[in-house]
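A.B. asks:
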Ligand code: FA5
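Residue numbers (the numbering used here): 2 to 314.
1. Is DSSP giving residue 258 helix, strand or coil here?
2. Compute the Euclidean distance between the alpha carbons of residue 63 and residue 310, then round it to the nearest angstrom.
3. Grouping DSSP H, G and I as helix and E and B as strand, with all else coil, what is residue 212?
4. Between residue 289 and the rest of its own chain, which residues show a CB-CB distance below 8 Å, the 5 nearest in sequence each way excluded?
5. CB of residue 158 to nearest heavy atom of the ligand FA5: below 8 Å?
6. Can you list, in chain order, the residues of its chain with a C-beta nearer than 6 Å to that of residue 266? Leave out the 5 residues immediately preceding and following it.
7. Given that a residue counts as buried once 16 or more other Cβ atoms are within 10 Å of its Cβ, and exposed if not, what is residue 146?
8. Run the CB neighbour count on residue 227, radius 10 Å, all protein chains shown included, and call it buried at 16 or more, exposed below.
9. Relative to the C-alpha of residue 283, which candidate in 88, 93, 197 and 29 has its C-alpha closest?
10. I'd like to know whether the C-beta atoms of residue 140 and residue 155 end up nearer to each other than 9 Å.
11. Would you kindly check if the distance between the Cβ of residue 54 and the Cβ of residue 36 is under 9 Å?
12. Going by the C-beta, is residue 238 closer than 8 Å to any heavy atom of the ligand FA5?
13. Am I right that residue 276 and residue 203 are in contact with their C-beta atoms under 8 Å? What's the rounded C-beta distance?
14. Rounded to the nearest angstrom, how far is the Cβ of residue 199 from that of residue 172, given a contact under 8 Å?
15. To the nearest angstrom, how far is the alpha carbon of residue 259 from that of residue 222?
16. Is it a yes or a no for the stretch 102-116 touching the stretch 174-192, going by three-plus beta-carbon pairs under 8 Å?
17. Quick check: the Cα distance between residue 187 and residue 254, rounded to an integer number of angstroms?
18. Using the Cα positions of residue 297 and residue 189, report the straight-line distance between them to the nearest angstrom.
19. What span of residues does the beta strand (DSSP E) with residue 232 cover, start to end?
20. Given this structure, state the Cα-to-Cα distance separating residue 128 from residue 86, to the nearest angstrom.
21. Could you spell out the range, first to last residue, of the alpha helix (DSSP H) harbouring residue 180?
22. For residue 324, report the span of its beta strand (DSSP E) as first-last.
23. Could you give the DSSP three-state label for residue 240: helix, strand or coil?
24. What are the residues that DSSP puts in a beta bridge with residue 198?
25. Going residue by residue through the stretch 47-97, where are the continuous alpha helix (DSSP H) segments of at least 4 residues, counting only ones entirely within it?
26. Should residue 115 be labelled buried (16 or more other beta-carbon atoms within 10 Å of its own) or exposed?
27. For residue 47, which option in 263, 65 and 33 has the closest C-alpha, if you only look at C-alpha atoms?
28. Taking 9 Å as the cut-off, decide whether the C-beta atoms of residue 1 and residue 306 are in contact.
29. Roughly how many whole angstroms lie between the Cα atoms of residue 207 and residue 149?
Have a look at this one:
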């Protein structure tokens, strides 16, 4: 029997041998039944044989099971290095990605993210920003007016006011959000996004503004960016500038900025003799266009997946 067990070729054959040995009418079962009539020496012999046979069955079973598993693994082998049809997992939209990148840069520079409503009242969108009714600067932005006198926010500068009203100064905040104007061409949309920054404290200067803009753009584009400022006009900053950045051999207009106008600080209950600061605002759709080499701002919002794939997203 011992040789038969050792030479068994399959689990079925082993099972048949087991039944032959330990089954109801098995040879070993019969021997065990006679134990009561045997002497101590004879019993020891039967016990030893019993233990040995059980051990042999167990070892052989393990051996045959492993062999079966190995055979299965060999035939059902999966080659994980084989090429396969790539799954389209989707990505973030370039504008969303730009927003995340810009937020990360500004947060790393100590600016805190604020939000505000897209339907804005006259006070926050215009009046508190030193642009009272009949002020000619209101014509600078083609506004969507609502019947109740509110407006679709034309600029994220409204969030500066909300932030200063809420927490006062010193303050170092930024905001990113949708803004709306009645405009539409290859570089202007009726609904676009602006990014706004505000830093008010006791000793903030124009140099801080320039350094901040240069650092922000350089970090975002991951290279040294040269910037220049030109005199401009915004009712809520004095002096006001427009800032351009150098891209290749061209100067590109990026946005507006300046030192916060004393009237704006007063409107937010801040004493302009004690505090001063800078503010800046620009469209970040345009930054996404530059970073990803796109030419028509309208394509961002067409929802054309083929175009998005071509952008490398
Ligand atoms: C403003 O909106 C000011 N609030 C910016 C500012 C903030 C100045 C703080 C000073 C201090 P302006 O109207 O120039 O400024 O718009 C700023 C930027 O928004 C523009 O340079 C441009 O990048 C973007 N922009 C304006 N209109 C559109 C539009 N229709 N579509 C896409 N981007 C636009």
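Ideal placement from N, C-alpha and C gives every residue a C-beta, glycine not left out.
C.D. replies: Looking at the atomic coordinates:
1. Translated into positions along the chain shown, residue 258 becomes position 257. If DSSP states are grouped into helix, strand and coil, residue 258 belongs with the strands.
2. One-based indexing of the chain shown puts residue 63 at position 62. One-based indexing of the chain shown puts residue 310 at position 309. Rounded to whole angstroms, the separation of the alpha carbons of residue 310 and residue 63 is 55 Å.
3. Within the chain shown, numbered from 1, the residue matching residue 212 stands at position 211. Helix, per DSSP.
4. To locate residue 289, count along the chain shown from 1; it is residue 288. Result list for residue 289: 95, 96, 98, 99, 295 and 301, in chain order.
5. Residue 158 sits at position 157 when you count from the first residue of the chain shown. Residue 158 Cβ: within cutoff of the ligand FA5.
6. Within the chain shown, numbered from 1, the residue matching residue 266 stands at position 265. Counting only Cβ-Cβ distances below 6 Å, and skipping sequence neighbours, we find 273.
7. Position 145 of the chain shown, counting from 1, holds the residue named residue 146. Around the beta carbon of residue 146, fewer than 16 other beta carbons sit within 10 angstroms, so the residue counts as exposed.
8. In the chain shown, residue 227 corresponds to position 226, counting from 1. Looking at its Cβ environment, which holds fewer than 16 other Cβ atoms inside 10 Å, residue 227 is exposed.
9. Position 282 of the chain shown, counted from the start, is the residue given in the question as residue 283. The residue with the shortest Cα to Cα distance from residue 283 is 197.
10. Within the chain shown, numbered from 1, the residue matching residue 140 stands at position 139. Within the chain shown, numbered from 1, the residue matching residue 155 stands at position 154. Contact flag unset, no.
11. What you label residue 36 is simply residue 35 of the chain shown in a count that begins at 1. What you label residue 54 is simply residue 53 of the chain shown in a count that begins at 1. Taking 9 Å as the Cβ cut-off, residue 36 and residue 54 do not qualify as a contacting pair.
12. For this step, residue 238 is matched to residue 237 along the chain shown. The answer is yes for residue 238.
13. In the chain shown, the residue the question calls residue 276 occupies position 275. In the chain shown, the residue the question calls residue 203 occupies position 202. Yes, they are in contact, since the Cβ atoms of residue 276 and residue 203 sit about 6 Å apart, within 8 Å.
14. As a position in the chain shown, residue 199 is number 198, starting the count at 1. As a position in the chain shown, residue 172 is number 171, starting the count at 1. Indeed they touch by this definition, with Cβ atoms about 6 Å apart.
15. Numbered from its first residue, the chain shown carries residue 259 at position 258. Numbered from its first residue, the chain shown carries residue 222 at position 221. About 23 Å.
16. yes
17. Locating residue 187 in the chain shown gives position 186, where the first residue counts as 1. Locating residue 254 in the chain shown gives position 253, where the first residue counts as 1. Taking the straight line from one Cα to the other gives about 15 Å.
18. By one-based count along the chain shown, residue 297 stands at place 296. By one-based count along the chain shown, residue 189 stands at place 188. Approximately 9 Å between the Cα atoms of the pair.
19. Taking the first residue of the chain shown as position 1, residue 232 is located at position 231. It spans 228-235 - the beta strand (DSSP E) in which residue 232 sits, taken as one unbroken run.
20. Here the question's residue 128 lines up with position 127 in the chain shown. Here the question's residue 86 lines up with position 85 in the chain shown. Each residue's alpha carbon lies about 58 Å from the other.
21. Numbered from 1 along the chain shown, position 179 holds the residue referred to as residue 180. Counting along the chain, residue 180 falls outside any alpha helix (DSSP H), though it belongs to the beta strand (DSSP E) covering 172-181.
22. Outside the modelled stretch of the chain, which goes from 2 to 314, sits residue 324, for which no answer is possible.
23. Indexing the chain shown from 1 puts residue 240 at position 239. Strand.
24. What you label residue 198 is simply residue 197 of the chain shown in a count that begins at 1. Answer is 175 and 281.
25. none
26. As a working mapping, residue 115 is identified with position 114 in the chain shown. Buried, by the Cβ-count rule.
27. Start at 1 with the first residue of the chain shown, and residue 47 comes out as number 46. The residue from 263, 65 and 33 with its alpha-carbon nearest to that of residue 47 is 33.
28. Outside the modelled stretch of the chain, which goes from 2 to 314, sits residue 1, for which no answer is possible.
29. Mapped onto the chain shown, residue 207 falls at position 206. Mapped onto the chain shown, residue 149 falls at position 148. About 39 Å.
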